[in-house]
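Numbers 20 to 550, taken from my numbering, label the letters of the sequence shown in order.
Don't be surprised by glycine CBs; every beta carbon is placed ideally from N, CA and C.
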Amino acid sequence: MLQWHLVAFVVLLVGVYFNFTFAQIFSLYAIQTCFYSFQAYSTKNALPTFVEWSIFSLWCSGLVLFWYLERRKRFKLKTRLEQLTQESKILSARSDILIGELNLREKKFLHRNELIKKRSDNLTHLIEVLFKTLNPHAVALYFYDPLAELFHLKECVSQGDQNFVRRVELEGIFLAVSRENGPVALHSNNHVRAACYYQNSNSIKSVVGVPLCTNSFLHGVLLVDDENIREFNDLEIEIMLDFAKELTTTIEDSELLQSYFNLKEELTAFYEASSKLNQCFRVSDVLETLLMASMKITRYDHSAVILFDQKTATNRVALEMGHEKMGWEDETFSCAGDRGLISWVIRNKMPLAYHDFRARNSQTPLFHKRWKIPNVYDSVLILPLFVSQESLGAVLFLAESKNAFSKSIKKLLEVVSLQASISMKNATMVHDLEKLATTDGLTGLYNHRTFQERLMQEFSRGERHPSSFSLLLIDIDFFKEFNDEYGHPVGDFVLRQVSGLLAQTVRKVDHVARYGGEEFAIILVNTDQGS
């Protein structure tokens, strides 16, 4: 007996050591106990009693139960693992989609960063080669910013530990090179004061500056200096000029590649937007496609499309899109007297752009004086929607950041807006044609052909899903005598009045049609005879 308990204790220790579950340890212990029991009864040549059989059965039942729970737990874990794997694939696919759906401005920014990195590597290599060739004290390359009239340090190699000035004004050696538009060499027994690109230039006694020019346009200045009085010979000056040309070519190639990339991406964005707009045959689809396509061109925080109603001379916000809607949709405002910037754009068919709108928000309202918008938008772009001098409305873009809409982006959005205007006009014509094909010209109700189509649709729906509908046939009594007595114009007036009453009486899901002459047909959906 004792030896079997020792074996059970060993089984327990083995299970704990190998991090077995409770069910696995219990199963091992149960198997060991069963083996011990059968071993004991085989030596006695006797059958176990009822109580012993009951205990044995409980052990076996517990064994089966724990194995079942263990299997169920493993199945749940496996299912959860598959779910997590599937979710990770979905997230990965979504991230690929998001990466692929960068807007035009972000694509330009990423491509420009790549070009700048490649150009920086090329410039660094050229500066190092020039430094090894001439063996001076230092070689530095400064780029020129004509707007700020500052020179910015781009690359430098030096034998000493002098600190270069990161930004230098147009003075000293830089002013001399820009005026001469050619190489300038300066020497001094004491130190060259014109070497203003050092924080302390007391040790510099010779400096040569070579311009990086293209058609008299100054890109930057290449500087080579020495701590000794060094007369750079003609060959060394020629080498500097050759390196300056190579540096200029590298800069121009980088800018040219960026301009080609910008042009390609702009044409691609315009092609995609035009393709999607040409596939829209409803005005609502055109407006939504316009805002979605614009979002791929540039990032904005809020946008809206305003439609102009020529009959009432009012504007209506047809669609609003942004992080949080402001409740502008279906709101109307008058455009009389150009009370707002949007009304001015619609009336004059000219775009408006602001990069500091917060500073002038109180001066001129965006929509109307009674409309208050959050004063958080610095960049505002309003583009007109018109076709052949016919004003259709305007599209509004708002961004909280300054200078969010560059000139190229603004021009591209203008072209897309004009394309959207044409698509809106086409969609309106398609809608009018559909209306002419499906409605009666006099009453505005469904015509006979459309009534037959709606009737067959209700029969087909009843076959799929058991439901009932009612059909009413109505005519106007003594209509022929009325026409003969008062004339057909008055009869047409009566038909229009009766048609209007019928259309107002039924529900939106019901169908009212002019069956012919003074006869009308009404399909009442989900309505039985009792109703």
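Exposed or buried, residue 533, counting other C-beta atoms within 10 Å across all chains shown (16 or more means buried)? Under this definition residue 533 is a buried residue.
Does DSSP classify residue 417 as helix, strand or coil? In this structure, residue 417 counts as strand in the three-state DSSP scheme.
Look up residue 551 in the DSSP assignment and say whether it is helix, strand or coil. Beyond the ends of the chain as shown, which are 20 and 550, falls residue 551; an answer cannot be given.
Evaluate residue 149 with the Cβ neighbour count: other Cβ atoms within 10 Å of its Cβ, from every protein chain shown; 16 or more gives buried, anything less gives exposed. With 16 or more other Cβ atoms within 10 Å, it is buried.
Backbone CA spacing between residue 494 and residue 412 [nearest angstrom]: When rounded, the distance between both Cα atoms is 43 angstroms.
Hey, would you say residue 498 sits closer than 8 angstroms to residue 537, going by beta carbons? Taking 8 angstroms as the cut-off, the beta carbon of residue 498 is found closer than this to the beta carbon of residue 537.
Are the CB atoms of residue 332 and residue 312 within a distance shorter than 8 angstroms? Result no, Cβ atoms of residue 312 and residue 332 do not sit closer than 8 angstroms.
Counting C-beta neighbours from all protein chains within 10 Å, is the total for residue 486 16 or more, i.e. buried, or is it exposed? With fewer than 16 other Cβ atoms from the protein chains shown falling within 10 Å of its own Cβ, residue 486 counts as exposed.
Can you list, in chain order, the stretches of the alpha helix (DSSP H) that have 4 or more residues and sit fully within the stretch 289 to 376? Complete alpha helix (DSSP H) runs here, min 4: 302 to 316 and 360 to 367.
Proximity winner among 501, 462 and 509, relative to residue 539 (alpha-carbon distances): Checking every option, the nearest Cα to that of residue 539 belongs to 462.
Residue 425 to residue 141 span [Cα, whole Å]: The alpha-carbon atoms of residue 425 and residue 141 are separated by roughly 29 angstroms.
Nearest-angstrom Cα separation, counted from residue 297 out to residue 187: Roughly 53 angstroms between the two C-alpha positions.
Once DSSP output is grouped into helix, strand and coil, what is the label at residue 388? Coil, per DSSP.
Alpha helix (DSSP H) segment containing residue 513, residue limits: Unbroken alpha helix (DSSP H) run through residue 513: 507 to 524.
Could you give the distance in angstroms between the alpha-carbon of residue 231 and the alpha-carbon of residue 318? Cα-Cα distance, rounded: 36 angstroms.
From the DSSP output, in three-state form, read off residue 238 for me. In the three-state reduction of the DSSP assignment, residue 238 falls in the strand class.
Segment contact flag, the stretch 396 to 409 with the stretch 428 to 442, C-beta cutoff 8 angstroms, min 3 pairs: With the cut-off at 8 angstroms, the stretch 396 to 409 and the stretch 428 to 442 touch.
Residue 514 to residue 504, Cα distance in whole Å? Taking the Cα positions, residue 514 is about 15 angstroms away from residue 504.
Less than 6 angstroms between C-beta atoms, sequence neighbours within five positions excluded: which residues of the same chain meet that for residue 489? So the qualifying residues of the chain are 543 and 546.
Apply the 10 Å Cβ neighbour rule to residue 257 and answer buried if 16 or more other Cβ atoms are within range, or exposed otherwise. It counts as exposed.
Inside the stretch 205 to 269 only - beta strand (DSSP E) runs reaching at least 3 residues: Assignment of beta strand (DSSP E) within the stretch 205 to 269, counting only whole runs of 3 or more residues, yields 225 to 233 and 236 to 245 in chain order.
How would you call residue 138, buried or exposed, if buried means at least 16 neighbouring beta carbons within 10 angstroms? Buried, because 16 or more other Cβ atoms sit within 10 Å of the Cβ of residue 138.
Reducing DSSP to helix, strand and coil, say where residue 98 ends up. Note: residue 98 maps to helix in three-state DSSP.
From the DSSP output, read off the bridge partner residues of residue 191. The partner list for residue 191 (beta bridge, DSSP) is empty, contrary to what the question assumes.
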